[in-house]
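First residue of the sequence shown? That's 49 in our numbering, and the numbers climb one at a time after it.
Backbone N, C-alpha and C define an ideal beta-carbon position, used for all residues, glycine too.
Report on the following structure.
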Amino acid sequence: MGSGQTAWESALIQLSNAVRELGLDDGLHELLATPRRALTVSVPLRYDDGHVEVLTGYRVQHNLARGPAKGGVRYHPATDIDEVKALAMWMTWKCALIGIPYGGAKGGVGVDPKLLSRNELERVTRRYASEIIPIIGPEKDIPAPDVGTDEQTMAWMMDTYSVQTGYSVPGVVTGKPVAIGGSEGRGGATSRGVMYSAFSALREASVDYRGCTVAVQGFGKVGGLAAQFLHDAGCSVVAVSDVKGGIYNPRGLNPVALLRHLRGGADSVVGYPGTDTITNDELVELDVDVLVPAALEGVITEENADRVKARFVVEGANGPTTPAADEILEKNGVVVVPDVLANSGGVAVSYFEWVQDLQAYFWTEDEVNDRLKVLMDRAYTDVSGLAAERGVSLRTAAQMIGVGRVAEAHRTRGLYP
Ligand code: GLU
C-alpha cells in the first residue's frame with residue numbers, strides 16, 4: 049500500500065512496541081505475532097458472459113484465546129494474504145481493547161467489486177462463503193462487512209451457510225440486514241464510534257467540538273456517516289474525498305446533501321457544486337482541527353506526516369498511519385486516536401448483533417447506541433489513563449491494553465499439550 053511500511057510490517061512493529069512496554073517474553077511475542085490459522089481458497093467466478101476466472105480468497109484467524117474469531121471480509125483488488133494477516137491481528141487487539149469476548153480474524157477476496165455485476169457479486173460471495181464454511185460459524189468465526197462488502201454480502205453469506213446447515217443460522221455473520229437478524233444501529237456504528245472517540249480526544253484537550261473543522265478521507269460507509277454525524281453535532285466538515293479525489297469548501301459542506309447527491313447517481317464527490325477539487329494527498333495536509341482517514345491503510349507515511357496540520361487524527365480506517373509516521377506526528381504534537389479504539393464501534397455493535405441473534409431477542413436502536421457509548425467511553429478512558437501513566441502515545445497504550453489482555457488469556461489457559 050503506501051510508501052515505506054506495509055500493513056503487515058506496521059502491525060508487527062506496533063506489536064513489538066507493546067510487547068516491549070509490557071515486558072513479555074520472546075515465546076509469547078512469537079505466539080502473538082503468528083496467525084493461528086490462515087486459509088487461502090480459490091474462488092472460481094463465472095462471469096455473466098460465460099467466461100471463467102479464478103479469484104483468490106482468504107480467511108485468517110489471528111488469535112482465538114479470548115473467544116471465537118471476529119472480523120470483516122474485504123473485496124479489493126490489492127487484498128492479499130499479508131494485508132489480511134495484518135487486519136486480522138488488528139481485530140484481535142481491537143476486540144480485547146473494547147472488552148468483547150472475541151479473537152481476531154479477517155477475510156477477503158482479491159477483486160474489484162465495482163467491476164462486477166450484482167449476479168457476479170452474488171456468485172463470488174456464495175462460492176467464497178462455501179469455501180470457508182469449514183472454519184466459520186457462530187462459535188468459531190463470525191465474518192462481517194469491511195471495505196467493498198455490505199449488508200447484502202452478509203445476507204448471501206448467511207444464506208449460503210444456512211442452506212448448507214439445513215436451518216437458519218443468523219449468528220454466523222454480523223452486519224446483516226435487520227430483516228434476517230441484523231441489529232438496529234449496526235449500519236452507523238463504526239461512524240458513531242469515530243465521533244464518540246473524536247469528542248473524547250477533543251474534550252481531553254479542552255477543545256470545544258462545536259465549530260471544529262474536519263476533513264474526512266474516504267466518503268464511504270464509515271467516512272460518509274462519520275461526516276454526517278460530526279456535521280449534525282455542530283462540527284464544520286470542510287473536505288471529503290473518495291477514490292476519484294476530494295472536494296473542499298472552507299465554509300463547510302453539507303454531508304447530508306452530498307450523500308443525497310451520490311444516491312441520486314453521481315459516481316464521485318468530485319464535481320459537487322460549490323466546492324473546489326483537491327487531491328487525496330492535499331486533503332491529508334489540510335489545515336483543519338480533525339483529520340479522519342476513513343479509507344485504506346498506509347495513507348499517512350514518513351513522506352507526508354510532517355505536512356499533516358491537523359491537531360487530531362482519528363482513524364476511521366484500519367492502519368492508515370504507519371509506525372514511522374506515528375513517530376513524526378507524536379514529535380509534532382498531533383494526537384492520534386488509533387484505529388483499534390476509534391473504529392471499534394463497528395465490531396462492538398457486531399458483538400451486540402451476535403448476542404441478540406444467539407438469544408433471539410432484539411434491542412431498540414437507543415439501547416444499542418447507549419451500550420455502544422458505554423463501551424467506547426470506557427475504552428477511551430482506559431487508553432488515555434494508561435498513556436498518561438506510562439508517558440506513551442494513545443496508540444501504544446491501546447495496543448498495550450489489547451495485547452496485554454490476549455497475553456493474559458494465553459497465560460491463564462496455558463499451552464496445550
Ligand atoms: N470490518 C470492521 C472492522 O474492521 C468490522 C468487523 C466486525 O464487525 O466484525 O472493525
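Inter-residue distance for A153 and E415 is about 27 Å (C-alpha atoms, whole angstroms).
With a 10 Å radius around the Cβ and a threshold of 16 neighbouring Cβ atoms, D290 comes out buried. The DSSP-derived three-state label of Q109 is strand.
Look at the beta carbons and you see the segment 371-378 not touching the segment 137-151: under three pairs across the two are nearer than 8 Å. Relative to the ligand GLU, G119 has its C-beta within less than 6 Å of a heavy atom. Judged by beta-carbon spacing, I449 lies beyond the 7 Å limit of D425, meaning their Cβ atoms are not closer than that value. In this structure the segment 206-213 does not lie against the segment 234-253, because fewer than three pairs of beta carbons, one per stretch, are closer than 8 Å. Secondary structure of S432 (DSSP, three-state): helix. In the same chain as L301, and ignoring 5 residues on each side of it, the C-beta atoms closer than 6 Å to its own belong to V285, in chain order. Shortest gap from the CB of N366 to any heavy atom of the ligand GLU: under 6 Å.
A342 and F267 have their C-alpha atoms some 8 Å from each other.
In the DSSP assignment, D354 falls outside any alpha helix (DSSP H), carrying neither H nor E.
Here F360 is bridged, per DSSP, to V338, V383.
In the structure shown, the three-state DSSP call for T197 is coil. When distances are taken from the beta-carbon of A427 to the heavy atoms of the ligand GLU, even the shortest one reaches 6 Å or more. In this structure the segment 128-142 touches the segment 450-462; the number of beta carbon pairs closer than 8 Å is three or more.
Sorting M137, P182, T201, A192 by C-alpha distance to the C-alpha of E168 places T201 at the top. If you look at S248, you'll find it isn't in any beta strand (DSSP E); it sits in the alpha helix (DSSP H) that goes 237-252.
Here the segment 94-111 lies against the segment 180-189, with 3 or more beta-carbon pairs under 8 Å apart. Within the segment 118-198, the complete beta strand (DSSP E) segments of 3 residues or longer fall at 151-157, 189-193, listed in chain order. Y257 and V102 have their C-alpha atoms spaced approximately 49 Å apart. CA-to-CA, the gap between A126 and V172 works out to about 17 Å. Under the DSSP assignment, S90 falls in the beta strand (DSSP E) whose first and last residues are 85-94. One thing to note: V397 has its Cβ no nearer than 7 Å to the Cβ of L423. DSSP places T444 within a helical segment (H, G or I) once states are collapsed to three. With a threshold of 16 other beta carbon atoms within 10 Å, D374 meets it and is buried.
Residue pairing by DSSP places Y399 in no beta bridge whatsoever. Judged by DSSP secondary structure, V264 falls within the beta strand (DSSP E) whose first and last residues are 261-265.
E101 has L93 as its beta-bridge partners, per DSSP. Close CB contacts of A275 within its chain, under the 6 Å cut and outside five residues either way in sequence, are with V264, V285, V288, P303 (chain order). Residue nearest to G223 within the set G462, D405, N366 is D405 (criterion: CA-CA distance). In the structure shown, V347 adopts coil according to DSSP, grouped into three states.
Rounded to the nearest whole angstrom, the CA to CA distance from V382 to L273 is 24 Å. Here the distance from the Cβ of V395 to the nearest heavy atom of the ligand GLU is below 6 Å. DSSP places G293 in the strand class (E or B) of the three-state scheme.
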